[in-house]
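Below: the structure, in structure tokens.
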Amino acid sequence: MSAGEPFRPRRAWQQPATEDSTASDDTPAQTGRRARRGEEPAAGPESRPTDPPQARRPARAAVAGLGDEPPEPAVNPFARPGTQSAEAPAPDARPAVHADDASATPIPAPVMPRSAGEFAESPGPAPRRSALSSTTPLTPEGDDSPTPEHWLRAHRATLTKWAAAGLIVALVVAVLAFLIVRTVRQSAGEQPSASPSPSSTATSAAPADVDVLLTPADLATVASSAWTITATSQSLGDHSGRVACFQTAPQEPNPTTTLQRTLATTDETAALHRVDVFADADVAAEVFESRVSVLSSCSEVPSYIVNAQSVSGLAEDTFQITVEFQDDPSQFHTVLITRAGAAVQMLDVTKFGSAVDAETPAEAITRSQEVLSEAQGADAPSDVQVTGTVIPAVEPLGWLSPSDLPRIRAGAGRWSMTGPGDLTSTGTGCENLTLATEAGPATRSQATYLMTQDDEAPTTFGIDEMQFYFEKSDTAKDFADKLVRGLTSCADRVNTATVKRLDDVKTTVGDATGTSRLFDVSQATSATESVEYQLLVTRVDDLVSYTLVSVSEDYRMTTDQLNALAARVAVRATQADS
Numbered sequence: 001m002s003a004g005e006p007f008r009p010r011r012a013w014q015q016p017a018t019e020d021s022t023a024s025d026d027t028p029a030q031t032g033r034r035a036r037r038g039e040e041p042a043a044g045p046e047s048r049p050t051d052p053p054q055a056r057r058p059a060r061a062a063v064a065g066l067g068d069e070p071p072e073p074a075v076n077p078f079a080r081p082g083t084q085s086a087e088a089p090a091p092d093a094r095p096a097v098h099a100d101d102a103s104a105t106p107i108p109a110p111v112m113p114r115s116a117g118e119f120a121e122s123p124g125p126a127p128r129r130s131a132l133s134s135t136t137p138l139t140p141e142g143d144d145s146p147t148p149e150h151w152l153r154a155h156r157a158t159l160t161k162w163a164a165a166g167l168i169v170a171l172v173v174a175v176l177a178f179l180i181v182r183t184v185r186q187s188a189g190e191q192p193s194a195s196p197s198p199s200s201t202a203t204s205a206a207p208a209d210v211d212v213l214l215t216p217a218d219l220a221t222v223a224s225s226a227w228t229i230t231a232t233s234q235s236l237g238d239h240s241g242r243v244a245c246f247q248t249a250p251q252e253p254n255p256t257t258t259l260q261r262t263l264a265t266t267d268e269t270a271a272l273h274r275v276d277v278f279a280d281a282d283v284a285a286e287v288f289e290s291r292v293s294v295l296s297s298c299s300e301v302p303s304y305i306v307n308a309q310s311v312s313g314l315a316e317d318t319f320q321i322t323v324e325f326q327d328d329p330s331q332f333h334t335v336l337i338t339r340a341g342a343a344v345q346m347l348d349v350t351k352f353g354s355a356v357d358a359e360t361p362a363e364a365i366t367r368s369q370e371v372l373s374e375a376q377g378a379d380a381p382s383d384v385q386v387t388g389t390v391i392p393a394v395e396p397l398g399w400l401s402p403s404d405l406p407r408i409r410a411g412a413g414r415w416s417m418t419g420p421g422d423l424t425s426t427g428t429g430c431e432n433l434t435l436a437t438e439a440g441p442a443t444r445s446q447a448t449y450l451m452t453q454d455d456e457a458p459t460t461f462g463i464d465e466m467q468f469y470f471e472k473s474d475t476a477k478d479f480a481d482k483l484v485r486g487l488t489s490c491a492d493r494v495n496t497a498t499v500k501r502l503d504d505v506k507t508t509v510g511d512a513t514g515t516s517r518l519f520d521v522s523q524a525t526s527a528t529e530s531v532e533y534q535l536l537v538t539r540v541d542d543l544v545s546y547t548l549v550s551v552s553e554d555y556r557m558t559t560d561q562l563n564a565l566a567a568r569v570a571v572r573a574t575q576a577d578s
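Per full-length UniProt numbering, the sequence shown runs over residues 1 to 578.
Now the structure itself:
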């Protein structure tokens, strides 16, 4: 590059090396400000930068010949190429276009990136539009040809016509299909129906008002005293009472219709009647089974399951159970639940001191069930029969549940269960065999039940239920007989033991019969103290259950309670999954 030639900054271009390329200019620089980017530089030597080229851009080579001739006007290195005239081209630049050449069109140089708001007064062309900001092609400078119209805009009218035509065709096809299907059905003898059949999964008709709920006249057979309606509600949020054992609302689908009414008398008898209609019969069946499970394993303190009843001829599904809340006085709840189609109803009849007759709830609910069955397309009640039945099985199968165990004191105490697990009990010392290792059983296990929330219960009070499974029922019988002989002869072998044999309890469950042999055993630990036990040895087929109750002289089960416990052990044994 010769002296006086304007700067044309090119980032990647290196000036060829010459013998003058390393020369430096010793002339003192004039004091002045540095040119601003995009600013027209002043003519004359004083417009040259005051800093040495090496300080301003270390990688830039020195310009040869500047110290030998008067300085020419400098070109701002940060100005966009093309904004200032150039006498001579750079070694690799395009030929310069002279002003007097009217036939040539200048080609704009690339625009370098600029920061936002930087030197707005600087000369230069308007910023280019981003390639991603529009789908319209850019028009070159100086080209006055019209911008091409977008294809969608140009064909919008045609596309609209096609869309309208397609919609019309679709509607015509749908109408024709409907007419054809209806014609085929009518020709086959099908008659259109405004309501689904009873087997349909669609929502069945629901009672339109509260007339389906029980009235005082319906409950006349339950109690002879005058009945009074105390509350009626038609939404879940307005239901103020609940059925026994449902202390926590179960997770179940919301009903499409829900009705509830409570009634009471002056002789401490009350009733709660609830009707729920669900989306379809399948949902109602699931709700029915869920509610039966809650009632069968009633965990509400202080509940004790008394018995269960089978009700036939009333509805598609029925279940009835009696639960005693062992407070002072005791409160008995007889709960009847039915299902017809998508409708589920529950009747809880409560009485203090004793339970109502098991047949009366079904009699009271018959009129309501007739209304529900008709609305659901189900069979009307006919020849209703109520009989005793076995309480349903609960988890863990074969074992007592806390609701099978009575309170020792009314209004106090809560049973809790641990296990079943490995058998660890050493027994009473009267068994004359080692329970954990005696040969014969295929499996053996143990569950423990403790009484809490009763400050009068001895610290040793509790129940250990041990179960022994055998390959054959004969082997189970031999084991049970050996255990009974050891308990019976304990007083002859141990001087400190006292044994009293109680009456046996036989329990029939279907084809199985359970036999329980009961004992009172006392083991003296000192001249004034002893350890007391109530023992049950129960055998049902190939299962032997040994129930050891640690009691005291003043805190123990009554004879009736012990007999009921023996019967419940036998019932649960028949439900074991061996």
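Beta carbons are placed, not taken as given, at the ideal position from N, Cα and C, and that holds for glycine.
Whole-angstrom distance between residue j and residue i, CA atom to CA atom
| i | j | result |
| --- | --- | --- |
| P255 | S224 | 34 Å |
| T498 | T338 | 52 Å |
| T460 | G413 | 14 Å |
| V323 | W415 | 16 Å |
| I168 | P250 | 52 Å |
| V222 | T215 | 12 Å |
| A266 | Q260 | Rather than Ala, the amino acid found at residue 266 in this sequence is Thr. When rounded, the distance between both Cα atoms is 21 Å. |
| M466 | S545 | 6 Å |
| N563 | D481 | 20 Å |
| P396 | V175 | 60 Å |
| residue 600 | G313 | Shown here, the chain extends from 1 to 578; a query on residue 600 therefore has no answer. |
| S354 | Q331 | 7 Å |
| Q309 | V349 | 14 Å |
| D560 | D474 | 30 Å |
| T574 | A512 | 7 Å |
| L435 | V275 | 52 Å |
| S233 | R407 | 35 Å |
| D238 | S299 | 25 Å |
| V292 | I463 | 27 Å |
| A576 | D542 | 11 Å |
| G241 | P458 | 37 Å |
| F479 | G398 | 19 Å |
| A378 | G341 | 6 Å |
| V306 | I321 | 8 Å |
| residue 582 | C430 | With the chain represented from 1 up to 578, any question about residue 582 goes unanswered, as that position is not in the structure. |
According to DSSP, residues forming a beta bridge with residue i
| i | result |
| --- | --- |
| I229 | L263 |
| K351 | T269, F332 |
| D464 | T448, L548 |
| Q345 | V275, T338 |
| T257 | V277 |
| L543 | Y469, V540 |
Range covered by the alpha helix (DSSP H) that runs through residue i
| i | result |
| --- | --- |
| A457 | Counting along the chain, A457 falls outside any alpha helix (DSSP H), and DSSP gives it neither H nor E. |
| K477 | 473–488 |
| E370 | 360–376 |
| D560 | 559–574 |
| D282 | 281–296 |
Residue i burial status per 10 Å Cβ neighbour count (16 or more: buried)
| i | result |
| --- | --- |
| G514 | buried |
| Q247 | exposed |
| Q453 | exposed |
| P329 | exposed |
| Q385 | exposed |
| F178 | exposed |
| A165 | exposed |
| T443 | exposed |
| A527 | exposed |
| S297 | buried |
| T262 | buried |
| W227 | buried |
| V210 | exposed |
| G189 | A caution first: G189 carries a pLDDT of 45, below 50, which makes its placement in the model too unreliable to give a value. |
| R517 | buried |
For residue i, the first and last residue of its enclosing beta strand (DSSP E)
| i | result |
| --- | --- |
| Q309 | 303–312 |
| F319 | 317–325 |
Output the residue ranges of the beta strand (DSSP E) runs that lie fully inside the stretch 485–541 and measure 3 residues or longer, sorted by chain position. Entirely contained in the stretch 485–541, the beta strand (DSSP E) runs reaching 3 residues are, in chain order, 497–501, 505–509, 512–524, 530–540.
Length-filtered (3 minimum) beta strand (DSSP E) runs lying within the stretch 372–446: 385–389, 414–421, all fully within the stretch 372–446.
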